[in-house]
Amino acid sequence: MERSQEESTQAAQAPVRPRRHSRQVTLRYAVDGEPRELKIGGGAPITVQSMTTGKTHDVENCLAEIKELADAGADVVRVAVPRPEDAEALKDIVHGATVPIVADIHFNHKYALKALEAGVAKVRINPGNIGKPEWEREVLLAAKERGTPIRIGVNGGSLEKDILDKYGYPRPEALFESAMRHVEACTRVGFEDIVISVKHSDVYFMIQSYRLLAEATDYPLHLGVTESGSLKTGPIKSSIGIGSLLADGIGDTIRVSLAADSVNEVRVGHQILKSLRLGRPGVNVIACPTCGRLAGDLFSVVDEVEEAVAARGFDKDLSVALMGCAVNGPGEAAGADLGVSLGRGRAHIFKRGETVGTVDQHEIADAVIQMIENWDEAAEGNSPGQ
Ligand code: SF4
28 MERSQEESTQ
38 AAQAPVRPRR
48 HSRQVTLRYA
58 VDGEPRELKI
68 GGGAPITVQS
78 MTTGKTHDVE
88 NCLAEIKELA
98 DAGADVVRVA
108 VPRPEDAEAL
118 KDIVHGATVP
128 IVADIHFNHK
138 YALKALEAGV
148 AKVRINPGNI
158 GKPEWEREVL
168 LAAKERGTPI
178 RIGVNGGSLE
188 KDILDKYGYP
198 RPEALFESAM
208 RHVEACTRVG
218 FEDIVISVKH
228 SDVYFMIQSY
238 RLLAEATDYP
248 LHLGVTESGS
258 LKTGPIKSSI
268 GIGSLLADGI
278 GDTIRVSLAA
288 DSVNEVRVGH
298 QILKSLRLGR
308 PGVNVIACPT
318 CGRLAGDLFS
328 VVDEVEEAVA
338 ARGFDKDLSV
348 ALMGCAVNGP
358 GEAAGADLGV
368 SLGRGRAHIF
378 KRGETVGTVD
388 QHEIADAVIQ
398 MIENWDEAAE
408 GNSPGQ
């Protein structure tokens, strides 16, 4: 756990995170009649998406779910369109939402046409089941006419039969081939407002599939591990899959799929971005794992501070370290902007490795929040590692 002077210096001098060059697409939507845009790719901030789980045609509940996701920080919300009544409801959903709405279409290209008419910000089609090439072409031409982006959402579980027969298993090459087949269908009609995803439930295959795409194209990529599981396992799989790619600069928008309340998808998505110091500015809470030197109840302090930081939604870009002892804490967290380390009954407060005061242990969370509130980004300069 000890951090050498050299490591601390390296952290402070770390370069800006490089990102793969990608084209940019624009999602157009309106809030209370006022037009807005959200960019994906081309250096735009990486966005976090989620999906509603209720029936889309139950407009009131669907809009309530969209609001809950937007309040949790979802930049884009996708809704499933499996029935005609869902397609019919899209107009009202688009009208009532405050974030860009993406229509998720499988099997029936007519619903995609309907979604475009309803003014959705983007349509996701699953090329493995959208049907005949002429139907896909019809959708692409309609999207082109409206300037609405399309996501080519390839999924390891629903590849076209001929591709599956060729590879025998949804290997990365198979997902890549499926995606490129539909990229070509887009380029044939001169439509390039596309985002691509090649999701797989096997994290390793998912990573390889996206790497193939990232090398071969410059279209923006929507990252996700499909069917990643419950709140216990899903965040781990998603963090490995999405995080590995983002760490290599690959990915423009992300969705964490969880078999749990979708609000958790948004929280985990932002946490993945925050862990890599990508995405929106925000407070990154770091905590030591504790060891035999622990001098108090650090876990409660971490819970309290994380909850308070989440509740306040600070947009200051700084890291806060919570350390279990005063012996090694400040040194180990020298790369953090602010921190506290537990000591005998008291907690030491430090700023970029230097102790600047002490508080009683029961006052730690309040003291940390106060320090964040008082943090003056302009005066303090960039965080270490920025
Ligand atoms: S208790 Fe102290 S030495 Fe142990 S892990 Fe935490 S900061 Fe490091």
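So for the sequence shown, the numbering used here puts the first residue at 28; every next one is plus one. Note that CB positions come from ideal geometry on N, CA and C, so glycine has one too.
Spatially closest choice to residue i from the options, by CA coordinates
i    : options                : result
H297 : A287, D288, N311, K378 : N311
K118 : G372, P197, L140       : L140
G184 : A405, V252, R238, K149 : V252
I263 : G278, S302, L239       : S302
S228 : V222, R164, I267       : I267
H209 : D403, E172, W162, A286 : W162
S257 : L273, D279, A287       : A287
T280 : T79, G306, N355, G372  : G306
R173 : G180, E165, I179       : E165
A145 : P127, L96, K137, E115  : E115
V222 : A124, D245, R105       : D245
P127 : F134, P62, R379        : P62
T125 : V293, L96, N291        : L96
T79  : N182, I157, F326, I120 : I120
A148 : I396, E92, E64, L345   : E64
T260 : Q235, L248, V295, T83  : V295
G155 : T175, P197, P176, A142 : P197
I157 : L143, P176, D131, V354 : D131
K171 : G309, C213, E204, A335 : C213
L143 : D364, I177, G70, F326  : I177
I277 : E187, R55, G68         : G68
Per DSSP, cross-strand counterpart(s) of residue i
i    : result
S368 : M350, H375
P62  : A57
E381 : K378
G78  : In the sequence on display, residue 78 carries Met and not Gly. Looking at the DSSP assignment, M78 forms a beta bridge with R105.
D85  : Answer by DSSP bridge pairing: none, since D85 is not bridged.
V312 : V347
R178 : R151, V222
L250 : I281
I67  : V52
D387 : R373
Residue environment, residue i, which counts as buried when at least 16 other CB atoms sit within 10 Å
i    : result
R339 : exposed
N401 : exposed
V225 : buried
F232 : buried
A243 : exposed
R105 : buried
C352 : buried
Q397 : exposed
G408 : exposed
R151 : buried
N88  : exposed
T74  : buried
V58  : exposed
P45  : exposed
H48  : exposed
G192 : As written in the sequence, residue 192 is Asp, which differs from the Gly given in the question. Counting Cβ neighbours within 10 Å, D192 comes out exposed, since fewer than 16 surround it.
T36  : Low confidence applies here, because T36 scores a pLDDT of 41, under 50, leaving its location unreliable and the question unanswered by this model.
G195 : exposed
D113 : buried
S327 : exposed
C315 : buried
V383 : exposed
G356 : buried
G362 : buried
G380 : buried
Inset, instruction - Please specify which runs of the beta strand (DSSP E), each continuous and at least 3 residues long, are wholly inside the segment 266-297, giving them in chain order. - result: 280-282, all fully within the segment 266-297.
Inset, instruction - Let me know the alpha helix (DSSP H) ranges lying completely inside the segment 180-213, each 4 residues or longer, listed in chain order. - result: 188-194
Legend entry - Whole beta strand (DSSP E) elements within the segment 112-170, 3-residue minimum: 128-132, 149-152
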